[in-house]
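Residue numbers (the working numbering): 61 to 159.
For every residue, glycine included, the Cβ atom is placed at its ideal position computed from N, Cα and C.
Have a look at the structure below before the remarks.
Below, the structure is given as structure tokens:
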């Protein structure tokens with residue numbers, strides 16, 4: 061059975077994305093299937109893996125709007141066992157529409 065690890069804080073700039081990316085990569089290197097969900101509207105998880113989600117593709121925003129199933133937002137990374145589902149909010153208006 062899978063495990064869920066949450067890295068959360070209300071404060072910005074404390075290393076949440078860095079921790080998630082490094083932990084995910086470490087688990088994938090140990091041959092563990094790993095999925096990182098990036099909820100940061102700055103798309104830090106996607107950027108960390110070289111994915112320009114703002115101009116290319118779907119993400120959590122599309123899932124939350126009911127446009128796609130969650131697995132359709134999954135992106136591959138350079139690591140075989142590591143996948144991400146990045147945030148793809150393009151504007152503050154889109155972010156507010158989720159409230």
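Under the three-state DSSP convention, the category residue i falls into
{"i": "residue 141", "result": "coil"}
{"i": "residue 97", "result": "strand"}
{"i": "residue 135", "result": "strand"}
{"i": "residue 86", "result": "helix"}
{"i": "residue 127", "result": "coil"}
{"i": "residue 69", "result": "coil"}
{"i": "residue 122", "result": "helix"}
{"i": "residue 110", "result": "coil"}
{"i": "residue 104", "result": "helix"}
{"i": "residue 76", "result": "helix"}
{"i": "residue 81", "result": "helix"}
Check: residue i C-beta below 7 Å from any heavy atom of the ligand MN
{"i": "residue 133", "result": "Annotation note on the ligand MN: not contained in the displayed structure, which lists no ligands."}
Spatial neighbours of residue i in its chain, beta-carbon cut-off 7 Å, leaving aside the 5 residues before and after
{"i": "residue 133", "result": "118, 119, 120, 122, 123 and 145"}
{"i": "residue 108", "result": "77 and 81"}
{"i": "residue 137", "result": "109, 143 and 144"}
{"i": "residue 128", "result": "118 and 122"}
Contacts around residue i, its chain only, beta-carbon distance under 8 Å, and the 5 residues preceding and following it disregarded
{"i": "residue 130", "result": "123 and 145"}
{"i": "residue 96", "result": "80, 81, 84, 105, 142, 143, 144 and 145"}
{"i": "residue 100", "result": "76, 77 and 147"}
{"i": "residue 67", "result": "76, 79, 80 and 83"}
{"i": "residue 154", "result": "121"}
Beta-carbon proximity list for residue i, same chain, < 6 Å, skipping 5 on both sides
{"i": "residue 93", "result": "141"}
{"i": "residue 139", "result": "88"}
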